[in-house]
Amino acid sequence: MVASSFFGMVSGSAMANVAGTGQFTIPLMKRTGFSPVYAGAVETTASAGGQIMPPILGGAAFIMMEILGISYTAVMKHIVIIAVLFYLAIFVMVDIEAQRQRIRLLSREELPALWGTLKEGWIFLFPPLFLMFLLTFTGFSVTLNGFYATCSIVVVSWFRRESRMGLKEILLGFQETCHTFGSIAAILAAAGLLVGLVNMTGFGLMLSGTLVSLAQGNLFLLLVLTAATSIILGMGVPTSAAYIILAILVAPALIQLGVNPVAAHLFIFYYAVMAVITPPFAPDAFVAAGISGANAMATAVQACKIGLIGMLLPFAMIYSGALIMVGSPLAILGAVAGSVVGILALGAGVAGFLFHPLRGVRRLLCLVAAIALIWPELYSTLAGVLLYLGVCGLQNRQFHRDIANKYVFRYVFRRYAFAPAAAGGQGVRDLNV
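The numbering used here puts the first residue of the sequence shown at 1, with every later residue one more than the last.
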């Protein structure tokens, strides 16, 4: 997950993220005990989340700046909490699954030395950090910032003999960039044609009006319809192009019903990103399945299960502006804390595991607690937190009671079932007692 998030910070393609990081993360997960399907699904979901990671948001950050008319710093400020919570949600789901399956930890010999890794590769963190600095603290244009960041890559490569770039490598980089830019230019040209057609025919207004009409003024229903539309229209389309299409066709419906424009655009962008893990298309899942050797559709379905909590985060973002850093510091802190507890509760309810198997009423109570924490009202937040803590207490008590009973049973079984008759026992005959 960490590798995919860092890769997503500098990549505009979730498929490239899977292909790049999955080559070593998927075999490693399989070696620890995860099934091929689950290993591929974790990488699929984590790589999709890389598209909502600052600083480039899969290339959509700069487009969002232009459409909303806000600064780059503002875009980063609004998205950062949601991005972190998404990866927390994935971590919770994977951690619960690891506990349930009793997945072994890597041995110390299998782990690379932290200091040695940082000593070897810390210099490569400079270009993306330098780009973030330029975009945040300078008044240069996006094009000029990109040029300076590109130059920094060449300079950084000279610090290590193995990665040093000469004239041949620089020219090869230009060639590969031109190939990449060619595909992006074609996508943007097609998106431009779509924008023109939508404006001329009024299709965008018609679609927005249709969504609002179907929702009949109900914000929750409109959010569900918008999320479904965003996923469908985002299938098979790169992140930036999908965002442009949805910003024209779908975002006006949310804004028309009174949703904050920034929240509306982040909502549609988020679900456009989730299209890459949603069956039946799910291109990321096909790439991950090719590495793990699992069935692609099963991988996509499992990825949706892992990302289920993350898919509900935009709803919380709409109802609580504090999650996009709109409000007082106290409100933001409270919203983040409530979201963290909600993620833990929903993870336990969906997976059916909290310290040990979670069933029946307790599982339902965890789901109710998570739903209560979506709403930003104080009473619902407190009720959700108390409900989840109550279930945790019951589960923890039962967990320790089961452990105690287990050890008592083992002692009695060994003491009496197999005690020799000469030692005062009854031999194996006591086993039936």
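In this text, a Cβ means the ideal position worked out from N, Cα and C, and glycines have one as well. These numbers come from a predicted model, not from an experiment.
{"query": "Could you tell me whether the Cβ atoms of residue 18 and residue 47 are closer together than 8 Å?", "result": "yes"}
{"query": "DSSP three-state call for residue 421: helix, strand or coil?", "result": "The predicted model places residue 421 with a pLDDT of 48, which falls under 50 and marks its position as unreliable, so this point remains unresolved."}
{"query": "Rounded to whole angstroms, what is the Cα-Cα separation between residue 241 and residue 77?", "result": "22 Å"}
{"query": "Report yes if the CB atom of residue 72 is closer than 8 Å to the CB atom of residue 61, and no otherwise.", "result": "yes"}
{"query": "Using DSSP's beta-bridge definition, name the partner residues of residue 91.", "result": "DSSP lists no partner for residue 91."}
{"query": "Using a 10 Å radius around the Cβ and a threshold of 16 neighbouring Cβ atoms, would you call residue 53 buried or exposed?", "result": "buried"}
{"query": "Taking residue 147 as the reference, which of 158, 131 and 229 has the closest Cα?", "result": "131"}
{"query": "Would you report the Cα separation of residue 319 and residue 375, rounded to the nearest angstrom?", "result": "6 Å"}
{"query": "Should the region 322-342 be regarded as contacting the region 368-382, the criterion being three or more beta carbon pairs within less than 8 Å?", "result": "yes"}
{"query": "Can you tell me whether DSSP reads residue 57 as helix, strand or coil?", "result": "helix"}
{"query": "Can you give me the Cβ contacts of residue 26 inside the same chain, cut-off strictly under 7 Å, excluding the 5 residues immediately before and after it?", "result": "39, 40, 43, 288, 291 and 292"}
{"query": "Going along the chain, which residues of its own chain have a beta-carbon closer than 8 Å to the beta-carbon of residue 217, five neighbours each way excluded?", "result": "257"}
{"query": "Going by alpha carbons, who is nearest to residue 230 out of 244, 317 and 268?", "result": "268"}
{"query": "For residue 178, count the other beta carbons within 10 Å of its own beta carbon; 16 or more makes it buried, fewer makes it exposed. Which is it?", "result": "exposed"}
{"query": "Can you tell me whether residue 401 is buried or exposed? The criterion is at least 16 other CB atoms within 10 Å of its CB, across all chains shown.", "result": "exposed"}
{"query": "Residue 96 and residue 348 look like a contact to me (Cβ under 8 Å); what is the Cβ gap, rounded to whole Å?", "result": "7 Å"}
{"query": "Around the Cβ of residue 5, are there at least 16 other Cβ atoms within 10 angstroms (buried) or fewer (exposed)?", "result": "buried"}
{"query": "Which ranges does the beta strand (DSSP E) cover as unbroken runs of at least 3 residues, wholly within the region 7-59, from first to last along the chain?", "result": "none"}
{"query": "Report the residue ranges of all alpha helix (DSSP H) runs contained in full by the region 252-305; include only those spanning at least 4 residues, in chain order.", "result": "261-274 and 283-292"}
{"query": "Only counting runs of 4 or more residues, tell me where the alpha helix (DSSP H) segments fall wholly within the region 328-376, in order along the chain.", "result": "329-351 and 360-372"}
{"query": "What are the boundary residues of the alpha helix (DSSP H) that residue 314 is part of?", "result": "308-319"}
{"query": "What are the boundary residues of the alpha helix (DSSP H) that includes residue 132?", "result": "126-137"}
{"query": "In three-state terms, what does DSSP make of residue 141?", "result": "coil"}
{"query": "Residue 307 and residue 274 look like a contact to me (Cβ under 8 Å); what is the Cβ gap, rounded to whole Å?", "result": "7 Å"}
{"query": "Going by beta carbon distance, what residues of the same chain come within less than 6 Å of residue 142, once the five residues before and after it are set aside?", "result": "62"}
{"query": "Taking just the CA atoms, how far does residue 88 sit from residue 123?", "result": "27 Å"}
{"query": "Less than 8 Å separating the beta-carbons of residue 207 and residue 215?", "result": "no"}
{"query": "Closer than 6 Å by C-beta to residue 369: which residues in its own chain qualify, once you throw out the five before and the five after it? Chain order, please.", "result": "345, 384, 387 and 388"}
{"query": "At which residues does the alpha helix (DSSP H) containing residue 488 begin and terminate?", "result": "Because the chain here runs from 1 to 433, residue 488 falls outside it and cannot be looked at."}
{"query": "Nearest to residue 145 by CA position, among 323, 56, 94 and 360, is which residue?", "result": "56"}
{"query": "Please work out which residues of its chain come closer than 6 Å, Cβ to Cβ, to residue 227, disregarding the five sequence neighbours upstream and downstream, and give them in chain order.", "result": "271"}
{"query": "I believe residue 219 touches residue 233 by the beta-carbon criterion, under 8 Å. Please report the beta-carbon distance rounded to the nearest angstrom.", "result": "Residue 219 to residue 233, Cβ: 21 Å. No contact."}
{"query": "Could you tell me which of 103, 394, 85 and 252 sits nearest to residue 355, measuring between CA atoms?", "result": "394"}
{"query": "Looking at residue 170 and residue 154, is the spacing between their C-beta atoms short of 8 Å?", "result": "yes"}
{"query": "When the Cα atoms are used, what is the spatial distance from residue 28 to residue 167?", "result": "37 Å"}
{"query": "Output the distance between the C-alpha atoms of residue 372 and residue 366, rounded to the nearest integer angstrom.", "result": "10 Å"}
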